[in-house]
Amino acid sequence: QVQLVESGGGLVQAGGSLRLSCAASGSTFTINALGWYRQAPGKQRELVARISSGGSTNYADSVKGRFTISRDNAKNTVYLQMNSLKPEDTAVYYCNAERLAPSLYDYWGQGTQVTVSS
Numbered sequence: 320q321v322q323l324v325e326s327g328g329g330l331v332q333a334g335g336s337l338r339l340s341c342a343a344s345g346s347t348f349t350i351n352a353l354g355w356y357r358q359a360p361g362k363q364r365e366l367v368a369r370i371s372s373g374g375s376t377n378y379a380d381s382v383k384g385r386f387t388i389s390r391d392n393a394k395n396t397v398y399l400q401m402n403s404l405k406p407e408d409t410a411v412y413y414c415n416a417e418r419l420a421p422s423l424y425d426y427w428g429q430g431t432q433v434t435v436s437s
């Protein structure tokens with residue numbers, strides 16, 4: 320089992336910045352990729368950014384150039400630096416850990432609210 324605990328959400332004005340953190344514990348050796356998803360009211364959960372165990376990253380088009388995902392393997396922590404925030408970035412942000420073995424499985428954090436005011 321893997322447990323994920325997010326922190327760093329909050330209220331910020333448009334154009335501002337926030338950094339989200341997600342600390343993983345438990346069977347962290349089973350984790351392959353780590354990522355951040357978000358879900359706005361009335362919308363489906365969507366991928367924001369993902370980083371593989373080798374450090375490869377991919378981003379949603381809507382956040383490219385503004386958000387940066389990184390991971391500290393020694394601390395089992397993944398970060399999401401969010402700059403130039405827009406009101407449309409308002410959502411609950413969820414940390415995700417992808418396990419490949421013994422079977423594909425996704426772990427989720429409890430979510431952290433990010434609200435961007437205009």
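If you want this note's numbering, it's the 1-based position in the sequence shown plus 319.
Think of the CB as a built atom: it goes at the ideal place given N, C-alpha and C, for glycine as much as any other residue.
Note: V331 is bridge-paired with V435 in the DSSP secondary-structure output. Counting only the Cα atoms, V367 lies some 16 Å from P360.
Under the three-state reduction of DSSP, T409 is assigned to coil, being neither helix nor strand.
A distance below 8 Å separates the beta carbons of T349 and A420. In summary, Y398 is buried, with 16 or more beta-carbon neighbours lying within 10 Å of its beta-carbon over all protein chains present. Between V324 and A352 the beta-carbon gap is near 18 Å, outside 8 Å, which marks them as no contact. Looking only at N377, N402, G345 and G374, the smallest Cα-Cα distance to Q332 is reached by N402.
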